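What follows is a set of notes on a single structure, which appears directly below.
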Amino acid sequence: MAIVLPLQYFNLAPVIGKSYYENLAGGINAAVTVNNNSNFPVDLVITRVNAPVITYTIPAFNSLTLAVHALLVAALLSTPAGTTFGTIEISTSDF
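Quick note on the working numbering: the sequence shown kicks off at 1 and runs consecutively.
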């Protein structure tokens, strides 16, 4: 069964990070979509079960969607370039 979590808006000052999803009970399969509506890049930080932490940089006025196996934490981190804002949406699944 899939669960679509509510759309979350972010507005991060320079060099500020925030977690938008945490599953510390062993991870879950998920899809993560980030829409960066700002003039500056934002980093999507993905932590998975038994895997290295991966960081994706989403350029200004772009978006990224990922399918993630065994997601533990999805977080956003703004760069020193400036304030970032946009949306993040996470859908989980038991597949």
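C-beta: ideal position from N, C-alpha, C; glycine also.
Treat the numbers as computed from the prediction; the structure is a model and nothing was measured.
- Linking residue 18 to residue 45 through their CA atoms gives a straight-line distance of about 10 Å.
- The Cβ-Cβ distance between residue 74 and residue 58 does not fall below 9 Å.
- Residue pairing by DSSP places residue 65 opposite 33 in a beta bridge.
- Within the same chain, Cβ atoms closer than 8 Å to the Cβ of residue 83 are found at 11, 12, 13, 14, 38 and 40, the five residues on either side in sequence being excluded.
- By the neighbour-count criterion, in which 16 or more other beta carbons inside 10 Å mark a residue as buried, residue 25 falls on the exposed side.
- Excluding the 5 residues flanking it on each side, residue 31 has same chain C-beta neighbours closer than 6 Å at 67 and 91, in chain order.
- When only Cα atoms are considered, residue 70 and residue 43 end up about 20 Å apart.
- Scanning its chain for C-beta atoms nearer than 7 Å, with the 5 sequence neighbours on each side dropped, one finds around residue 23 the residues 71 and 72, in chain order.
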